[in-house]
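The block underneath contains the structure these notes are about, expressed in structure tokens.
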Amino acid sequence: MTPVIALVGRPNVGKSTLFNRLTRSRDALVADFPGLTRDRKYGNGLLGNKAYTVIDTGGISGDEEGIDAAMAEQSLAAIDEADIVLFLVDARAGLNVADEAIANHLRVNQKKTWLVVNKTDGLEEHSAMGDFWGLGLGDPWPIAAAHGRNVSQLIDLVLEPF
Ligand code: GDP
Ligand code: MG
Numbered sequence: 001m002t003p004v005i006a007l008v009g010r011p012n013v014g015k016s017t018l019f020n021r022l023t024r025s026r027d028a029l030v031a032d033f034p035g036l037t038r039d040r041k042y043g044n045g046l047l048g049n050k051a052y053t054v055i056d057t058g059g060i061s062g063d064e065e066g067i068d069a070a071m072a073e074q075s076l077a078a079i080d081e082a083d084i085v086l087f088l089v090d091a092r093a094g095l096n097v098a099d100e101a102i103a104n105h106l107r108v109n110q111k112k113t114w115l116v117v118n119k120t121d122g123l124e125e126h127s128a129m130g131d132f133w134g135l136g137l138g139d140p141w142p143i144a145a146a147h148g149r150n151v152s153q154l155i156d157l158v159l160e161p162f
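Residue numbers (UniProt numbering): 1 to 162.
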């Protein structure tokens, strides 16, 4: 079965930029679904000989009232559907209270979760990741979705068990 990768995180961290990069093949299929799922976008990609499906989500509100408020329904649905969750945070904005709320949810979720620090272009990788170690989701993985930095290396690792 084709592994499904969900992209989650608060708005503006670069989820759609990463989605576009991961699905740029001409086979990419982007569809809108009605109802609760209307804000999820599905696409297909290929790395080497491995096919995968990616789900983009509209983002999480950033509300500070806890996970129910902070996490949009389609993001939860995307996590449910996924085999792998890429949790994106923004190296330029730094750690945000919404990131912590999302991390709290993901830590108790059974899905394999990767902490991905985007927008590291022009930044020194180690210091860019400084704050994010504290999220308790393991090693932060630095990328620059807009430029492709570390992206195929990440997807290669993520797909290894599949
Ligand atoms: P989303 O709301 O999480 O889907 O974020 P978008 O993909 O729409 O990106 C939000 C903004 O961040 C846009 O202006 C992007 O051009 C910018 N952005 C995305 N990835 C990168 C990156 O790797 N480096 C930099 N510097 N900007 C980025
Ligand atoms: Mg987006």
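Virtual Cβ for every residue (Gly too), placed ideally from N, Cα, C.
Unbroken beta strand (DSSP E) run spanning residue i, endpoints
i: ASP90; result: 84-90
i: ALA51; result: 50-56
i: ASN118; result: 112-118
i: LEU46; result: 41-47
i: ALA6; result: 4-8
Presumed contact (8 Å Cβ cut-off) between residue i and residue j, rounded CB distance
i: VAL151; j: VAL117; result: Between VAL117 and VAL151 the Cβ distance is about 12 Å, and since that is not below 8 Å, they are no contact.
i: PHE132; j: LEU154; result: Not a contact, Cβ separation roughly 15 Å.
i: ARG24; j: ALA77; result: The pair is not a contact, with the Cβ atoms about 25 Å apart (cut-off 8 Å).
i: ARG10; j: ALA103; result: At roughly 11 Å, the Cβ-Cβ gap does not stay under 8 Å, so ARG10 and ALA103 are not in contact.
i: THR57; j: LYS15; result: 7 Å
i: LEU47; j: LEU135; result: LEU47 to LEU135, Cβ: 26 Å. No contact.
i: SER75; j: VAL4; result: Actually they are not in contact, since the Cβ atoms of SER75 and VAL4 sit about 14 Å apart, beyond 8 Å.
Burial state of residue i (16 or more Cβ within 10 Å)
i: ALA6; result: buried
i: THR113; result: buried
i: GLY35; result: Bear in mind that a pLDDT of 37 at GLY35, under 50, signals an unreliable position, so the number given afterwards is only what the model happens to contain. It is exposed - the Cβ of GLY35 has fewer than 16 other Cβ atoms within 10 Å.
i: MET129; result: buried
i: ALA144; result: buried
i: THR2; result: exposed
i: LEU157; result: exposed
i: SER127; result: exposed
i: TRP141; result: buried
i: ALA93; result: exposed
i: LEU137; result: buried
i: LEU86; result: buried
i: GLY43; result: buried
i: GLY45; result: buried
For residue i, the first and last residue of its enclosing alpha helix (DSSP H)
i: THR17; result: 15-22
i: ILE143; result: Where ILE143 is concerned, there is no enclosing alpha helix (DSSP H), given that its DSSP letter is neither H nor E.
i: ASP99; result: 97-108
i: ALA93; result: Run containing ALA93: none; DSSP gives neither H nor E here.
i: VAL81; result: It is worth fixing the name first, because residue 81 is Glu in this sequence and not Val. Counting along the chain, the alpha helix (DSSP H) containing GLU81 begins and ends at 73-81.
i: LEU159; result: No alpha helix (DSSP H) contains LEU159, which DSSP labels as neither H nor E.
i: HIS126; result: 125-128
Cβ contact (3+ pairs, closer than 8 Å) linking the region 106-113 and the region 50-57: no
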